[in-house]
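Mapping of the sequence shown onto UniProt numbering: position 149 corresponds to residue 149, and the numbering continues sequentially without gaps. Note that beta-carbon positions come from the ideal geometry of N, C-alpha and C, so glycine has one too. These numbers were taken from a predicted model, which means no experiment stands behind them. Here is the structure we will look at.
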Amino acid sequence: MTDSITEKQKEVVDYILRKIKTEGLLPGDKLDTEIAIAKNIGITRATVREATRILIEQQRIYRVKGSGLYVGAIGKSNHAGKFHALSPFDYQAQKGGYKGIRKVISVSLIKVPSASMAHALRIKNSDSVYKIVRLMCFDDIPVALENIHFPVSMFSSMEFSQLEISKYSYIEKITGKSVQRREQNLKAVNLTDEEQIRLLQLHEHAAVMEIQETVYLDDGVPFEVNIAIINTSLLQLRQITERS
């Protein structure tokens, strides 16, 4: 346990570890939401978030963005039929001996590019979106290029530098809501765009994975359409499905 842990954080850590033990939770089992944990023990959600980070660093639990907290280290599960959408970027970087770096390459205010994107974001075809190009790297090695689209009608102002720290943590902070789920479409493509080739440091026609996803808050409102190009030889994808 880190020496800088507060008494309140330790209370949360002990609560989570006790729950895992008493309920016999196995790697891959889902934990309560941070909101539920905060309510159950009468502690602020901010304190719960700091405490869960400690357990994540110790690889006792892990977080799947848009899904929640799970028991164990990422990728270990005793449950058939369950697997996760994306291993956390920072975890994969750390596992490979790297630091996860996020770089905002450009920001622009544009008309929503397509009717399908307007439909996904539930905005008008004439509405505007912020387009943020963000490069994800392991140290200085590019692994993914994101084209992020946020509706201006939802976010009147944004500190885009915060997207170099954590996109979803920042969105949760400014909305006061949790990122709840993602709808994804994946397809294999060959790179032909010169800018993508340059930023990802790949050769023309290199095989990559394109992910188009719509992301929702816990009230069911979509807030992002992201079109990402992934170098899957460096950043591993894990899809999610859960049988009922």
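Option in the options with minimal Cα separation from residue i
{"i": "Asn-147", "options": "Gln-59, His-119, Ser-157 and Arg-102", "result": "Arg-102"}
{"i": "Leu-234", "options": "Ser-67, Gly-24, Gln-92 and Lys-21", "result": "Gln-92"}
{"i": "Glu-57", "options": "Ile-123, Ile-43, Leu-25 and Gln-94", "result": "Gln-94"}
{"i": "Ala-38", "options": "Leu-55, Leu-25 and Val-13", "result": "Val-13"}
{"i": "Leu-135", "options": "Thr-22, Asn-185, Glu-34 and Ile-229", "result": "Ile-229"}
{"i": "Asp-29", "options": "Tyr-62, Thr-44 and Arg-53", "result": "Tyr-62"}
{"i": "Thr-52", "options": "Leu-25, Gly-97 and Ile-5", "result": "Ile-5"}
{"i": "Arg-198", "options": "Ile-20, Gly-100, Tyr-168 and Ile-141", "result": "Ile-141"}
{"i": "Cys-137", "options": "Val-107, Gly-96 and Phe-150", "result": "Gly-96"}
{"i": "Ala-120", "options": "Gly-100, Met-158, His-149 and Asp-32", "result": "His-149"}
Residue j beta carbon less than 8 Å from that of residue i
{"i": "Ser-27", "j": "Val-71", "result": "At residue 27 the sequence reads Pro, which differs from the Ser that was named. Result yes, Cβ atoms of Pro-27 and Val-71 sit closer than 8 Å."}
{"i": "Arg-18", "j": "Glu-34", "result": "no"}
{"i": "Asp-127", "j": "Lys-177", "result": "no"}
{"i": "Met-209", "j": "Thr-232", "result": "yes"}
{"i": "Leu-109", "j": "Ile-132", "result": "no"}
Residues near residue i in its chain [Cβ-Cβ closer than 7 Å; skip 5 each side]
{"i": "Thr-47", "result": "Lys-8, Gln-9 and Val-12"}
{"i": "Ala-80", "result": "Confidence at Ala-80 is low in this model, with a pLDDT of 37, below 50, so the placement of that residue is unreliable and no value is reported for it."}
{"i": "Val-189", "result": "Val-208 and Glu-210"}
{"i": "Glu-204", "result": "Leu-191, Thr-192 and Ile-197"}
{"i": "Lys-187", "result": "Glu-210"}
Own chain, CB closer than 6 Å to residue i, minus 5 neighbours either side, in chain order
{"i": "Val-215", "result": "Arg-182 and Glu-224"}
{"i": "Met-117", "result": "Val-225"}
{"i": "Ile-227", "result": "Asn-147 and Gln-212"}
Alpha-carbon to alpha-carbon, residue j and residue i
{"i": "Met-154", "j": "Gln-201", "result": "34 Å"}
{"i": "Gln-196", "j": "Leu-145", "result": "7 Å"}
{"i": "Gln-236", "j": "Ala-36", "result": "31 Å"}
{"i": "residue 260", "j": "Thr-22", "result": "Not covered by the structure: residue 260. The range shown for the chain is 1 to 244."}
{"i": "Gln-180", "j": "Ser-166", "result": "16 Å"}
{"i": "Lys-173", "j": "Asn-185", "result": "27 Å"}
{"i": "Ile-105", "j": "Gly-24", "result": "45 Å"}
{"i": "Ile-171", "j": "Phe-89", "result": "17 Å"}
{"i": "Thr-44", "j": "Ile-54", "result": "16 Å"}
{"i": "Pro-113", "j": "Glu-194", "result": "20 Å"}
{"i": "Gly-42", "j": "Ser-156", "result": "33 Å"}
{"i": "Ile-20", "j": "Leu-69", "result": "12 Å"}
{"i": "Ala-115", "j": "Asn-125", "result": "6 Å"}
{"i": "Ala-206", "j": "Tyr-15", "result": "48 Å"}
{"i": "Asp-32", "j": "Val-143", "result": "32 Å"}
Whole-angstrom C-beta distance between residue j and residue i, which should lie under 8 Å
{"i": "Arg-122", "j": "Pro-222", "result": "6 Å"}
{"i": "Asp-139", "j": "Tyr-98", "result": "5 Å"}
Spatial neighbours of residue i in its chain, beta-carbon cut-off 8 Å, leaving aside the 5 residues before and after
{"i": "Val-152", "result": "Leu-109, Asp-127, Ser-128, Val-129 and Tyr-130"}
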